[in-house]
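Number of protein chains: 2
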Amino acid sequence: MKQARLFTPGPTAVPAEVLESQSRPLIHHRTDTFKEAFAEVTAGLKTIMKTENPVVVVAASGSGAMEAAVVNITAPGEKVIVTELGKFSERWRDIASAYGVETVSVEAEWGAPVTPDAVERAFAEHPDASALLTTHSETSTATLQDVEAFARIAHDNDALIAVDGITSIGCHDVRTDEWGLDALVGGSQKGVMIPPGLGYIALSERAVKKMEAGRQPSFYFDMVRALKSAAKNDTPFTPAISLVFAMQAALRMMLEEGIDTIIERHKSNATAVRAAVNAMGLELLAKTSPSNATTAVMAEDFATDITKKMEHEHSVKIAGGQGKLSGRIVRLGHIGHYYPQDMRTMMHAFEQVCGDLGLVATTGPGVTALERSYAGGD
Amino acid sequence: MKQARLFTPGPTAVPAEVLESQSRPLIHHRTDTFKEAFAEVTAGLKTIMKTENPVVVVAASGSGAMEAAVVNITAPGEKVIVTELGKFSERWRDIASAYGVETVSVEAEWGAPVTPDAVERAFAEHPDASALLTTHSETSTATLQDVEAFARIAHDNDALIAVDGITSIGCHDVRTDEWGLDALVGGSQKGVMIPPGLGYIALSERAVKKMEAGRQPSFYFDMVRALKSAAKNDTPFTPAISLVFAMQAALRMMLEEGIDTIIERHKSNATAVRAAVNAMGLELLAKTSPSNATTAVMAEDFATDITKKMEHEHSVKIAGGQGKLSGRIVRLGHIGHYYPQDMRTMMHAFEQVCGDLGLVATTGPGVTALERSYAGGD
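Respectively, the protein sequence lines represent chains A and B. When the first sequence is numbered by this note's numbering, its final residue is 392 and no position is left out of the sequence of numbers. When the second sequence is numbered by this note's numbering, its final residue is 392 and no position is left out of the sequence of numbers.
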């Protein structure tokens, strides 16, 4: 069987240019060549995050980078507010709890974002909260949150804001500096299109001041130490060298395309996919504020069969649901290196499989709506 | 200039078979293919560590895996004994201190191992110590320690033993189960011959009991959670997929060669290199208990020029000193995918450069001694 192509919301398909970079002989990290690559990677990450803040790259998954945010911007005994709208936003609470931080959860129905009003009320009830831990694009429900408004509220309440940008960076417009995001966390296997294993984090001046004043116990994720190394294009521990070169290759492609063009491409793909799903008569999970990273479709009892048939009969690997949405939704991924022809491949397979399984009565309206959307139609 | 080949004690040269595995399209980690690879990797790591203990693979550098050992086998308020004989063994103390653990250091002159007697005395003075954090092969000084004896002493004192095996696994005979090592930590860019970015840790039943009873705050390095996932060939967070496939390729090569043959090959290479250095009239840093991972040579004022000339004129990348040995020694690496022909390349370059710089009067005795050693001579 042909190896299925990834249409999952991470890991995403890795471009051939990036794969090629991984087959070159390894070079040592204490060399000018590596330091130049590391500097280029850091600068590229700043560009796609629209920030002048220092950026730290860690050899860890995105969850490790989230922990780096928590242990550095909170101190023992503090209280934080967490928005909860899906599996990954719940992780903020789990990490903070692991360090004995008191957490106040502001919840939304899965598929909806937490409203700025709800965050405002939480701060009114808990004026002693020192930080808001929140999520830009919640991957498990394909939902986007208004972190710009959240940042304003957090700062009005003298609190810091940490944002999980793992599936928004390189996909949505993330204006780190303009919005004042204090800790913005990213992962490598998403918009940056490389294999998993690298996390990165942009830290504001406020965040740096806070961590220098006192933070949670930590060594590997000590950002005070990491920032000192980063200022010299270095890392405190052996970096994941091959993945750094992968990121160099990927960021070169991204900067050549331009971050705003990339954001528009994701918007165009996501809009077309949502139009196709609607035209098929299926229901979107995220109706009011969908993310452009992935599209979650209500599929109830059909979900597992859809993902299996798409993989085995069409070599198209999509994702199912997570947590309480497991077996109830499918997620059609479009974060990363995806163009209209890829969306055609994915939506053709999806519509055929939905037809085969009897979830839709006729096939055709989906791909027709996809094309109409790309052509600028309604 | 030709890209210099790595003869550093990590990262080490990555075999072509492993590099090739990195250029294949990425597959998703929630698939049977990945789980099979992950199971194969875990089994392979157990073979080279000679253990039946469960093994956890983390997306992090070796230092991250060391932190995983500390946070899981120590609890807040405890006291540990640390052997200090170089830069990496000091890291145990730094990590434990970051978590508020009281540390008792047993020091050795850099270039010498800590003796079992000294460890025995430390436990006699500190019978309340709950763990010994120690190092099998100290990379910064090329020194091997008797962790078998250390384990006996720790257990006699009802303490656990955590061992940094980062440059001993896949190089020296590491008998995890026979010696009773409770937490054995490894890294990917050493004996396992792949790029950096994966750490791994084997945990004894004693260690598991201890961590279940109470441990330091941690989330990403929570081994209780990781072991539950590992039992299902899964990971709690997105694994570094491409590096796992690299490890699969590397471990296949290693198991084909056989771990005991690999250990003998490292011994043979290290013995030959030390004979060559002695024949050149140069001084070894580690005289009494040298590691077979790397050979540290006293080079005083010549150290920096030697490493530079070897790289630029011979495309052979060796390492200098670290910490207080910076600029005073060179380290000739032979951990990993190295055979007699590679040692010839390295020692020829080293001897020529030492001759050019006037550190040795004549060239020839080094490579002659190398050959004599391989031929079974004295």
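Quick reminder that beta carbons are idealized off the backbone N, C-alpha and C, glycines included. Fair warning: this is a prediction, and the values are worked out from it, not measured in the lab.
- Membership of B/Met-268 in the alpha helix (DSSP H) is indicated by the continuous run 255-271.
- By the Cβ-count criterion, A/Pro-39 is exposed, with fewer than 16 other Cβ atoms from all chains shown falling within 10 Å of its own Cβ.
- For A/Gly-76, a Cβ of chain B is located within less than 9 Å of the residue's own Cβ.
- Contact between B/Gly-295 and B/Ala-74 is absent: CB atoms are separated by about 42 Å, not below the 8 Å threshold.
- In the DSSP assignment, A/Asp-187 falls outside any beta strand (DSSP E) and carries neither an H nor an E.
- Taking 9 Å as the cut-off, the beta carbon of B/Gly-335 is found closer than this to the beta carbon of B/Ser-154.
- Put simply, the CB of A/Tyr-353 is far from chain B, with every gap to its CB atoms at 9 Å or more.
- Under DSSP, A/Gly-200 takes part in a beta bridge, and its partners are A/Tyr-214.
- Spatial neighbours of A/Asp-187 in its own chain (CB-CB distance under 6 Å, excluding positions within 5 residues in sequence) are listed in chain order as Ile-277.
- DSSP places A/Ala-176 inside the beta strand (DSSP E), whose first and last residues are 174-178.
- For chain A, the residues of the region 201-224 of chain B that bring a beta carbon within less than 7 Å of one of its beta carbons are Gln-203, Pro-209, Pro-210, Gly-211, in chain order.
- Relative to the Cα of A/Arg-342, the nearest Cα in the group A/Met-324, A/Tyr-113, A/Ile-320, A/Val-381 belongs to A/Ile-320.
- Per DSSP, the beta bridge partners of A/Met-312 are A/Ile-343.
- Residues of chain B whose Cβ lies closer than 8 Å to the Cβ of A/Phe-251 are, in chain order, Ser-75, Gly-76, Ser-77, Gly-78.
- Across the region 100-116 of chain A, CB contacts with chain B closer than 8 Å involve Asp-108, Ile-109, Ala-112, Tyr-113, Gly-114, in sequence order along the chain.
- Here the alpha carbon of A/Gly-337 sits roughly 13 Å from the alpha carbon of A/Gly-125.
- A/Lys-93 is bridged by DSSP to A/Glu-116.
- Neighbours of A/His-328 in chain B, taken as residues whose beta carbon is under 8 Å from its own, are absent, since the nearest beta carbon is some 15 Å off.
- The DSSP-derived three-state label of A/Ser-329 is coil.
- Interface criterion not met: the Cβ of B/Thr-148 is under 9 Å from no Cβ in chain A.
- Assignment of A/Arg-358 by DSSP, reduced to helix, strand and coil, places it in the helix class.
- When Cβ-Cβ separations below 9 Å define contact, B/Glu-34 makes contact with chain A.
- Buried is the label assigned to B/Arg-105, since at least 16 other Cβ atoms lie within 10 Å of its Cβ.
- Close partners of A/Thr-22 in chain B (Cβ separation under 7 Å): His-42.
- Pairing B/Ile-183 with B/Ala-145, the inter-Cα distance amounts to about 21 Å.
- Annotated as distal: B/Gly-194 and B/Ser-202, with beta-carbon spacing of 9 Å or more.
- Residue-level contact by beta carbon holds for A/Lys-331 and chain B, with a gap shorter than 9 Å.
- Burial check for A/Thr-47: the Cβ neighbour count within 10 Å stays below 16, so the residue is exposed.
- Within the same chain, and ignoring the five residues on either side of A/Lys-224 in sequence, the residues whose Cβ sits closer than 7 Å to its Cβ are Ile-87, Leu-174.
- For B/Thr-148, the uninterrupted beta strand (DSSP E) segment begins and ends at 145-149.
- In this chain, the alpha helix (DSSP H) harbouring B/Ala-165 covers 161-170.
- Distance from B/Ala-260 to B/Val-32 at the Cβ level is roughly 5 Å; contact confirmed, criterion being Cβ atoms closer than 8 Å.
- Under the Cβ criterion of 9 Å, B/Arg-135 is not counted among the residues facing chain A.
- Taking the CA atoms as reference points, A/Asp-142 sits about 31 Å from A/Ala-156.
- Annotation for A/Val-69: no alpha helix (DSSP H) segment contains it, though the beta strand (DSSP E) segment containing it runs 69-73.
- Three or more Cβ pairs closer than 8 Å define a contact, and the region 254-268 of chain A falls short of that threshold against the region 113-132 of chain A.
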